[in-house]
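Taken in order, these protein sequences are the chains called A and B. The opening residue of the first sequence carries number 1 in the numbering used here; numbering runs sequentially from there. The opening residue of the second sequence carries number 1001 in the numbering used here; numbering runs sequentially from there. We treat Cβ as the ideally placed atom computed from N, Cα and C, and that holds for glycine. What follows is one structure encoded as structure tokens, with my remarks underneath.
Number of protein chains: 2
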Amino acid sequence: MRVLIVDDERPLAETIRRGLTDEGFVVEMAHNGQDALWAATEKRFDAIVLDIMLPRGNGYQVLTELRRREIWTPVLMLTAKDGDYDQTDAFDLGADDYLTKPFSFIVLVARLRALIRRGAPERPVVLACGDLTLDPVRRRVERAGQEVSLTPREYGLLEFLMRHKGDVVTKSEILEGVWDPAFEGDPNVVEVYVRYLRRKIDAPFERRAIETVRGMGYRLSITGG
Amino acid sequence: MRVLIVDDERPLAETIRRGLTDEGFVVEMAHNGQDALWAATEKRFDAIVLDIMLPRGNGYQVLTELRRREIWTPVLMLTAKDGDYDQTDAFDLGADDYLTKPFSFIVLVARLRALIRRGAPERPVVLACGDLTLDPVRRRVERAGQEVSLTPREYGLLEFLMRHKGDVVTKSEILEGVWDPAFEGDPNVVEVYVRYLRRKIDAPFERRAIETVRGMGYRLSITGG
DNA sequence: GGGTGAACTCAGCAGGTTCTCAGGTCGCAG
DNA sequence: CTGCGACCTGAGAACCTGCTGAGTTCACCC
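Here you go:
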């Protein structure tokens, strides 16, 4: 069991390291966001213990960036109770568990083992956006747990939007990304397909995931509408 | 992993795009210097593949301008020329790596991965001014945490002001920057749009972010009013 | 060949956006 | 106080954008 500890608070980090080593874990350490990202990207861990307070990229940034890089190693976050952020933030960002300082070491180990047990199997790489999910491997789209059947174009468009969720994408970007970089037809197709998509993923569920940004393009709302 | 490919040679660009997409990258394209600058400024990429030969601003210019704007995304330059000069030039200008055409795709991917691994210092790409924020990528404007919806012109004007916050900008500068360098209508539009903006970002929040400097122009106060 | 489904085009419509214009207001200098 | 120019404001017309339903083409399958 390989664990990465990311903590700038040396004494605490050292205590955890010793404890985990005694418990039979193989431990590596990082003391800032940058090193943590590098280690987590380059090596394989079974879990990451991630403190929020870090120099060069705080815990939230590290976590966000990890998930963006599609690295799904289970993350246990350490938070100070009086912090600005609360645990819901951590969960939103893809943390799998969290502990509030001060915590008991026994609890830490227990949670860590639970995480590893839970997270050991390969995680499905599914794009999610609120209750809207898209599994590129299976080519499946679900909204609120219900499968939605899409044509290839509709699917391509949705995947593109989901890979840019929260960002505004222009029609020409969509045409380049989903149609063909050399597409020379009527840009209106995009509007038409947005409409098809809305009909299938928004209307039946009374949501508004795909926003129109007049004069600019479209944006998939992060919350899924 | 988001990569921007800047290349005017369509077939090559297309080949790279497809290859990188297969490798799991999210790819965006620009085919001239101007588009490249825009994309690189407005969006966040993990790396940029930049050809030297470009219409509207060659690769060197693009690179220089990017670094001047303090955008540190890793850049891999492509050039057909072979020689030490080109290479040292590219490095001097802030390129992070360099490939001479023709190159093997495998090498390109390897170098790109190495670049991304090395990483760029993360920077938040949102303009802020007191409790007023503008996120160019998401095209979102918030005041006091509340989203404000703007029309394209209003948005353009606000972005311009925010990029010059604290400075007095004249109406003709605004017209050049937000409208068209060749705009020939009534300069009163600026006043009109300043009013629209104030109505949306100042009045409801009882602030005065946009100051009028009589006889000079306008200034966005650094504190956000 | 007829039927089906997907991709795309087209043209009309609705409503938002942009810009002009004609006053009104304000600040400043004489 | 007065006049002037700079700026503000409200209204409205022209314009533009995106939405929509209908229709065409095309490939595929029975």
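- Message: Quick check on Pro1136 of chain B: buried or exposed, where buried means 16 or more other Cβ atoms within 10 Å of its Cβ?
- Response: Per the 10 Å Cβ criterion, buried.
- Message: At the level of alpha carbons, what is the spacing between Gly83 of chain A and Thr212 of chain A?
- Response: Because the pLDDT at Gly83 of chain A is just 47, under 50, the model does not fix this residue reliably, and the value given afterwards should be weighed accordingly. C-alpha separation (whole angstroms): 36 Å.
- Leu20 of chain A versus Val27 of chain A: straight-line alpha-carbon distance, rounded: 7 Å
- Query: Within the chosen definition, does the segment 127-147 of chain A reach the segment 193-207 of chain A through at least 3 CB pairs nearer than 8 Å?
  - Reply: yes
- Message: For chain A, check one thing: does any of its Cβ atoms lie closer than 8 Å to the Cβ of Thr1151 of chain B?
- Response: yes
- From B:Glu1154, B:Val1049, B:Val1062 and B:Glu1065, pick the residue whose C-alpha is nearest to that of Pro1077 of chain B; which is it? Per the sequence shown, the amino acid found at residue 1077 of chain B is Met instead of Pro. Out of B:Glu1154, B:Val1049, B:Val1062 and B:Glu1065, B:Val1049 has the C-alpha closest to the C-alpha of Met1077 of chain B.
- Query: Based on Cα-Cα distance, which residue from B:Arg1219, B:Ile1005, B:His1031 and B:Ala1114 lies nearest to Arg1056 of chain B?
  - Reply: B:His1031
- Message: Rounding to the nearest angstrom, what Cα-Cα distance links Gly8 of chain A and Leu54 of chain A in this structure?
- Response: According to the sequence provided, residue 8 of chain A is Asp. The question's Gly does not apply to it. Each residue's alpha carbon lies about 6 Å from the other.
- Could you tell me which chain A residues have their CB closer than 7 Å to the CB of Val1026 of chain B, listed as they occur along the chain? Arg163
- Which whole-angstrom value is the C-beta distance of Arg2 of chain A and Arg67 of chain A, which I expect to be below 8 Å? The Cβ separation is near 19 Å, so there is no contact.
- Query: Asp202 of chain A: which of A:His164, A:Gly59, A:Asp131 and A:Thr100 sits nearest, CA to CA?
  - Reply: A:Asp131
- Message: Can you check whether the C-beta of Glu176 of chain A is within less than 8 Å of a C-beta belonging to chain B?
- Response: So, interface residue.
- Alpha carbon to alpha carbon, how far is Asp1051 of chain B from Gly1059 of chain B? Give it in angstroms, no decimals. 6 Å
- Check the DSSP bridge columns for Val1169 of chain B and list the partner residues they point to. B:Tyr1218
- Message: Can you pull out the residues from the segment 29-54 of chain A whose beta carbon lies closer than 9 Å to at least one beta carbon of chain B?
- Response: Gly33, Gln34, Leu37, Trp38, Thr41 and Glu42
- Item | Alpha-carbon to alpha-carbon, Val6 of chain A and Glu42 of chain A | 15 Å
- Task: Go through the segment 1141-1189 of chain B residue by residue and report every complete run of the beta strand (DSSP E) that reaches 3 residues or more, in order.
- Result: 1146-1148 and 1168-1170
- For Pro74 of chain A and chain B, any beta-carbon pair shorter than 8 Å? no
- Message: Starting from Leu20 of chain A, trace the alpha helix (DSSP H) in both directions and tell me its first and last residue.
- Response: Arg10 to Asp22
- Task: Quick one: residues in its chain with C-beta nearer than 7 Å to the C-beta of Leu134 of chain A, no 5 flanking neighbours on either side, listed in chain order?
- Result: Correct list, in chain order: Val126, Leu127, Val141, Leu158, Glu159 and Met162.
- For Ala30 of chain A, which of helix, strand or coil comes out of DSSP? strand
- Contacts around Ile1016 of chain B, its chain only, beta-carbon distance under 6 Å, and the 5 residues preceding and following it disregarded: Only Ile1005 meet the Cβ criterion.
- Using 7 Å as the cut-off, classify the Cβ of Phe160 of chain A as near or not near the heavy atoms of the ligand NAP, replying yes or no. Absence of the ligand NAP is noted for the structure shown, with no ligands found whatsoever.
- Item | Buried or exposed (CB count within 10 angstroms, at least 16 for buried), Met1029 of chain B | Burial call: buried.
- Query: In chain A, what lies closer than 7 Å to Val1137 of chain B by C-beta?
  - Reply: Asp167
- Task: Report all residues from its chain with a CB closer than 8 Å to the CB of Ala120 of chain A; omit the five preceding and five following residues, and keep chain order.
- Result: With a pLDDT of 43 at Ala120 of chain A, under the threshold of 50, the modelled position of this residue cannot be trusted; read the value that follows with caution. Around Ala120 of chain A: Asp46.
- Provide the residue span of the alpha helix (DSSP H) that contains Leu1066 of chain B, from first to last. Gly1059 to Arg1068
- Query: Does the beta-carbon of Thr1223 of chain B have 16 or more other beta-carbons within 10 angstroms, so that it is buried, or is it exposed?
  - Reply: The residue is exposed, with fewer than 16 neighbouring Cβ atoms inside 10 Å.
- Close beta carbons around Tyr1196 of chain B, own chain, < 6 Å, minus the five adjacent residues each side: Glu1154
- Message: Any beta carbon of chain B sitting closer than 8 Å to that of Pro124 of chain A?
- Response: Note that Pro124 of chain A scores a pLDDT of 47, beneath 50, so its modelled location is shaky and nothing firm can be said.
- Please classify Asp1002 of chain B: does DSSP put it in a helix, a strand, or coil? First, the amino acid is wrong: residue 1002 of chain B is Arg here, not Asp. Of the three classes helix, strand and coil, the one that applies to Arg1002 of chain B here is strand, per DSSP.
- Item | Amino acids of chain B, ordered along the chain, whose beta-carbon sits closer than 7 Å to that of Pro102 of chain A | Within chain B, no residue comes near Pro102 of chain A; the closest Cβ sits about 29 Å away, beyond 7 Å.
- Query: Where does Ala1128 of chain B sit, in a helix, a strand or coil, going by DSSP?
  - Reply: strand
- Task: Would you kindly check if the distance between the Cβ of Val1075 of chain B and the Cβ of Gly1033 of chain B is under 8 Å?
- Result: In this structure, Gly1033 of chain B sits away from Val1075 of chain B, with a CB-CB distance that is not shorter than 8 Å.
- Out of B:Pro1011, B:His1164, B:Arg1198 and B:Glu1023, state which residue places its alpha-carbon closest to the alpha-carbon of Leu1112 of chain B. B:Glu1023
- Task: Look up Asp1096 of chain B in the DSSP assignment and say whether it is helix, strand or coil.
- Result: coil
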